[in-house]
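Residue numbers (full-length UniProt numbering): 1 to 287.
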């Protein structure tokens, strides 16, 4: 199956730094082919000082829009004409749609997370979660989970700007939802153990685990049968955390589903078509 590029073919961009590792171009390009969409999806490595020019290129090249990834998800809000309530709550956007010469922002990361749980048959409404990390992905997951009925979320993160930002974000989340949210330093191992033991779902939303033998927790006794262990990392497909969880008969889920379903939500915003996720998931799992 080949993409037939012609004079009317439109462009969707992926703006990030780095960008070469991303599976999004392969996923979105296949979706466009399978749905007979006259468009192509290309990745561009955009440094912070190049973001303004990259955003302007959406108009210059009459693009349908773009995906935005690290490190631009927060800064990009300043360039948008409008964005959704979820973008405002999360404080970040990962999808831009150009419509009537205006740019609209969306955040599909959180939707990708909850849809991937649903696809794995995991019930989360009325449940308790522990999330490791306080960056953009973690914030999106926390906000969406709270909006969709999770009762309590324990967040653990290193001290620093992200920790402080999450502390402020907690107040907004608790004001706008019925979810109780706590935030604790990740090195407080006693509190971390208690939180995981109290939770039905444990989520790693940090980058710890992308390298071999890295793990965001050191006490594996908290991993147990009946616990769902979710790692937002998708390369490698099975992180050290997931390997240890599997040994202890926990249910394990990697980040491929989140990538797939956030991508499907973005695809629908650009094209008004449903992504054929069942045909695309095997492609992502091959990598």
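Just so it is clear, CB atoms sit at the ideal spot from N, CA and C, and this is done for glycine as well. These numbers come from a predicted model, not from an experiment.
{"query": "Keeping to the same chain, check which residues put their C-beta closer than 6 Å to that of residue 271; ignore five residues upstream and five downstream.", "result": "37"}
{"query": "Could you tell me the distance, in whole angstroms, from the CA atom of residue 161 to the CA atom of residue 134?", "result": "9 Å"}
{"query": "Less than 8 Å separating the beta-carbons of residue 28 and residue 263?", "result": "yes"}
{"query": "Please identify the residue among 9, 73 and 60 whose C-alpha is closest to the C-alpha of residue 15.", "result": "73"}
{"query": "Mind listing, in chain order, the continuous alpha helix (DSSP H) runs of no fewer than 4 residues lying wholly within the region 118-197?", "result": "136-147, 161-176 and 189-197"}
{"query": "Among all the DSSP beta bridges, which residues are the ones paired with residue 98?", "result": "103"}
{"query": "Output the distance between the C-alpha atoms of residue 238 and residue 251, rounded to the nearest integer angstrom.", "result": "12 Å"}
{"query": "Bridge partners for residue 83 per DSSP, in chain order?", "result": "105"}
{"query": "Going by Cα to Cα distance, which pick from 32, 130 and 212 is closest to residue 185?", "result": "130"}
{"query": "Between 30, 83, 17 and 103, which has its C-alpha nearest residue 283's C-alpha?", "result": "30"}
{"query": "Can you give the Cα-Cα distance for residue 98 and residue 205, rounded to whole angstroms?", "result": "30 Å"}
{"query": "Skipping 5 residues on each side, what residues in its chain have a beta carbon closer than 7 Å to that of residue 153?", "result": "129, 131, 142, 145, 146, 179 and 181"}
{"query": "With a threshold of 6 Å on Cβ separation, who are the neighbours of residue 35 within its own chain once the five nearest residues in sequence on each side are excluded?", "result": "273"}
{"query": "Do three or more CB pairs link the region 75-84 to the region 44-55 at distances below 8 Å?", "result": "yes"}
{"query": "With DSSP as the reference, identify every bridge partner of residue 231, one or two as the case may be.", "result": "204"}
{"query": "Alpha carbon to alpha carbon, how far is residue 149 from residue 60?", "result": "42 Å"}
{"query": "Can you look up residue 67 in the DSSP assignment and give me helix, strand or coil?", "result": "strand"}
{"query": "Pick from 169, 166 and 17: whose alpha carbon is nearest that of residue 50?", "result": "17"}
{"query": "Where residue 39 and residue 25 are concerned, what is the direct C-alpha to C-alpha distance, given to the nearest angstrom?", "result": "12 Å"}
{"query": "Using a 10 Å radius around the Cβ and a threshold of 16 neighbouring Cβ atoms, would you call residue 190 buried or exposed?", "result": "exposed"}
{"query": "Where does residue 89 sit, in a helix, a strand or coil, going by DSSP?", "result": "helix"}
{"query": "Within this structure, are the beta carbons of residue 23 and residue 259 separated by less than 8 Å?", "result": "yes"}
{"query": "Less than 8 Å separating the beta-carbons of residue 66 and residue 43?", "result": "no"}
{"query": "For residue 158, does the count of other Cβ atoms within 10 angstroms reach 16, so buried, or fall short, so exposed?", "result": "exposed"}
{"query": "Let's test the definition: count the other Cβ atoms within 10 Å of the Cβ of residue 187 and tell me whether it reaches 16, buried, or not, exposed.", "result": "exposed"}
{"query": "With a threshold of 8 Å on Cβ separation, who are the neighbours of residue 276 within its own chain once the five nearest residues in sequence on each side are excluded?", "result": "31, 34 and 35"}
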